[in-house]
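In this note's numbering, the protein residues as written are 761 to 1156. Please read the structure below before turning to the comments.
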């Protein structure tokens, strides 16, 4: 009896219940759309990154630094600083943590005067680094650290070489700095090349050029020797000694000898260190406030570990050897050994990530790319390669 009454009530209220449920669903959908629109209006629109030539930086390099670089203390300092900290390398401002040159990369939005690429995001810069290393290893056959660095070596030492300072002549134009192309061909200056010296000493057709020599300086007349009619020859050692003025005798003063009583007696004992004094928070805060701020301190005032990478300009070969040693040491091999970055079929190995991290630390100095950024770039490259292979297999 009760079941029959409940069934009849359900059938009678069926259409009304469906209508109420539909009304509730429609209201919830409208409420969700309204909340999404309100959140979209409340959130500020993210501007597209642009390259600023006057600053030689991409507009969003600070936010990319906060998310993609280590150590976090320096990365967040660079993100929050009003100016450009001295420990930030130039490639950091380009979202290019491997200092890759321009080659129409995906995400390339500009570049500086030295040809370094400015990327829209740091992830696109990491993608370009993975792609370029794959090309070096597979297509160019550069499989050792030395072979890679000889083509990827940073251009820190290839700055414009100014002309040598000479005495200004009448009507002579002032010396100008060499162009980047000339600097790349002749790093020591065009006047030091073998071809320049040959052209300076030979005329047209290779004939030796006659150079007017200045007359020799008149030497002092040789004094005759008593009882001998021979004269002192002007090229002899005696003639050179006679024409050279004598150097005054230098008086050497001996240092005073120490007395016997010096150092005798009880030495002063160092003051004992108080544990509470060493852990005094007020004293530590006062000393910390006296230190220079990292965000505004010049490069010379920073500790050596926080300074930008100094160019190893003593020799180009020394610079290459140091760079290759950092790369090879990250995976425990020698600079001339095969790094084993990719398998024969093109898949990335576990050695690719440490090599990319080591290269980033060399290029950026105090900062370096985060492992998460490198791992994401390698994963994207592998997924793209797998998708291209599937399309090639599916094609008729």
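Cβ atoms here follow ideal geometry from the backbone N, Cα and C, with glycine treated the same way. Quick caveat, the model's predicted, so the values are computed rather than measured.
Taking C-beta separations shorter than 7 Å and ignoring five residues to either side along the sequence, the partners of residue 910 in its chain run 1080, following chain order. Under the three-state reduction of DSSP, residue 834 is assigned to helix.
Its Cα nearest to that of residue 1136, the residue 1108 stands out among 843, 1108 and 849. Contact between residue 1113 and residue 1138 holds: CB atoms are separated by about 6 Å, below the 8 Å threshold. When C-beta atoms of the stretch 886-897 are compared with those of the stretch 859-878, three or more pairs fall below 8 Å, so the two segments count as touching. The alpha carbon of residue 831 has as its nearest neighbour, out of 1155, 818 and 1128, the alpha carbon of 1128. The beta carbon of residue 860 is closer than 8 Å to those of 876, 877, 885, 888, 889 and 892 in its chain, skipping five residues each way along the sequence. Just so you know, the alpha carbons of residue 852 and residue 1090 end up roughly 22 Å apart. For residue 860, there is no enclosing alpha helix (DSSP H), as DSSP marks it with neither H nor E. By DSSP's assignment, residue 904 forms a beta bridge with 1098. In this structure, the beta-carbon distance from residue 1096 to residue 823 does not fall below 7 Å. For residue 877, the enclosing beta strand (DSSP E) stretches over residues 877-879. Its chain contains 882, 1129, 1130 and 1133 as the residues whose beta carbon lies nearer than 7 Å to that of residue 828, once the 5 sequence neighbours on both sides are disregarded; these appear in chain order.
Along the stretch 1089-1155, the beta strand (DSSP E) does not occur as any fully enclosed run of 3 or more residues. Going by DSSP, residue 828 is part of the alpha helix (DSSP H) stretching over 821-828.
Nearest in C-alpha terms to residue 1086, of all of 1116, 1104 and 1102, is 1116.
In the assembly as shown, residue 810 is an exposed residue. Its beta-carbon has fewer than 16 other beta-carbons within 10 Å. Excluding sequence positions up to five before and after residue 836, its CB lies within less than 8 Å of the CB of 826, all in the same chain and listed in chain order. Closest by C-alpha distance to residue 1111, out of 1098, 1140 and 1149, is 1098.
Taking every protein chain shown into account, the CB of residue 871 has 16 or more other CB atoms within 10 angstroms, so this residue is buried. Residue 898: member of the alpha helix (DSSP H) spanning 882-898, first to last residue.
According to the DSSP assignment, residue 871 belongs to the beta strand (DSSP E) that extends over 868-871. Shown here, residue 848 sits in coil according to DSSP, grouped into three states, outside any helix or strand.
If you draw a 10 Å sphere on the C-beta of residue 1010, you find fewer than 16 other C-beta atoms in it, and that means exposed. Under the criterion of beta carbons closer than 8 Å, residue 1147 and residue 898 do not qualify as touching, at roughly 18 Å.
Just so you know, the alpha carbons of residue 818 and residue 906 end up roughly 31 Å apart.
Distance between residue 838 and residue 808, taken at the CA atoms: about 21 Å.
Rounded to the nearest angstrom, the gap between the Cα atoms of residue 901 and residue 1103 is 13 Å. In the structure shown, residue 910 adopts helical secondary structure according to DSSP, grouped into three states.
Around residue 812, the same chain offers 819 as residues with beta carbons nearer than 7 Å, after the five sequence neighbours per side are excluded.
7 Å or more divides the Cβ of residue 896 from the Cβ of residue 1120. An exposed status is given to residue 1082, since fewer than 16 other beta-carbon atoms sit within 10 Å of its beta-carbon.
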